Amino acid sequence: MRTQRQVVDYSLQKRALLREVLSGRVGTYEVCDASPYLKNAARFHGEPTDRRCPICRRENLTLVHYIYGDELKQSAGQARTRTELPVLAMTFREFQVYVVEVCRACDWNHLVEQFLLGRDGLTDEPVAETAAAVGSSTSGSSATGVGAPATKRRREARR
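Letter by letter, the sequence shown follows residues 33 to 191 of this note's numbering.
Dropping the structure here:
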């Protein structure tokens, strides 16, 4: 998505947790605890993947996108399909998206990533160019400023 920014990837956390489960230090009942709401969100708003569940290896994982933000009001905390996100990104200034992977067979769930979306991410010029343009316009407007041409400063000095 064009306005996606400040992406946080949780794959290292996931690998560490799976290592703990496979070594037997953490039980599967501790990590396979998806709520009924999350499972319903996966069923109705989820995006199927081609990756198998790392715990049961029976079913493919489903990605669920949750949105949060002050501007969303009552929509905050709702699951949305991936196709709805670009429309929301052009509608609202800024909101947070959390992506959760869910196995509908064994209830495995884990936060995969989070990122910001919204119109605030759309800028035509880089910040450095904008600052340079603002700096040049202010220095050129003053008659005796540092950025004023040398001939203009000499004329001011003669008067």
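Backbone N, C-alpha and C fix where the C-beta goes; we use that ideal spot for every residue, glycine too. Just so it is clear, the structure is predicted and the values come from calculations on it, not from any experiment.
Neighbourhood of CYS88 by C-beta distance below 6 angstroms, restricted to the same chain and skipping five residues each side: Within the same chain, CYS88 has close Cβ partners ALA137, CYS138.
Coarse secondary structure for PRO80, derived from DSSP in three states: For PRO80, the secondary structure class from DSSP, reduced to helix, strand or coil, is strand.
What does LEU143 pair with, by DSSP beta-bridge criteria? For LEU143, which the question treats as bridged, DSSP gives the partners VAL132.
Going by the CB atoms, is the gap between LEU104 and GLU79 shorter than 8 angstroms? Against a cut-off of 8 angstroms, the Cβ pair of LEU104 and GLU79 comes out as no contact.
Beta-carbon proximity check, ARG84 vs ASN92, cutoff 8 angstroms: Yes, the pair counts as a contact, with Cβ atoms nearer than the cut-off.
I need the boundaries of the beta strand (DSSP E) containing GLN38, first residue and last residue. 37–41 is the extent of the beta strand (DSSP E) around GLN38.
What did DSSP end up calling GLY167 once you bin it into helix, strand or coil? For GLY167, the pLDDT reaches just 46, beneath the cut-off of 50, and the residue's location in the model is therefore unreliable, leaving the point undetermined.
Alpha-carbon spacing of LEU149 relative to VAL132, whole angstroms: Approximately 16 angstroms, taken between the alpha carbons.
Mind checking GLY101: buried by the 16 CB within 10 Å criterion, or exposed? Around the beta carbon of GLY101, 16 or more other beta carbons lie within 10 angstroms, which makes this residue buried.
So the candidates are LYS46, MET122, ALA111; which of them puts its Cα closest to the Cα of ALA70? According to the sequence as given, residue 70 is Leu; it is not Ala. Answer by Cα proximity: ALA111.
The beta strand (DSSP E) with THR94 in it runs from where to where? Segment 92–100, the beta strand (DSSP E) holding THR94.
Determine the closest residue to VAL39 out of ASP65, ARG114, GLN146, with distance taken between C-alpha atoms. It is GLN146.
How is the alpha helix (DSSP H) around PRO118 delimited, first residue to last? It spans 117–123 - the alpha helix (DSSP H) in which PRO118 sits, taken as one unbroken run.
Nearest candidate by alpha-carbon position, reference ASN141, set LEU120, SER43, ARG37: Considering only alpha carbons, the answer is SER43.
Identified DSSP bridge partners for ARG112: BP columns for ARG112 point to HIS97.
Apart from the five residues just before and just after SER107, which ones in its own chain have a Cβ nearer than 8 angstroms to its Cβ? Around SER107: ILE99.
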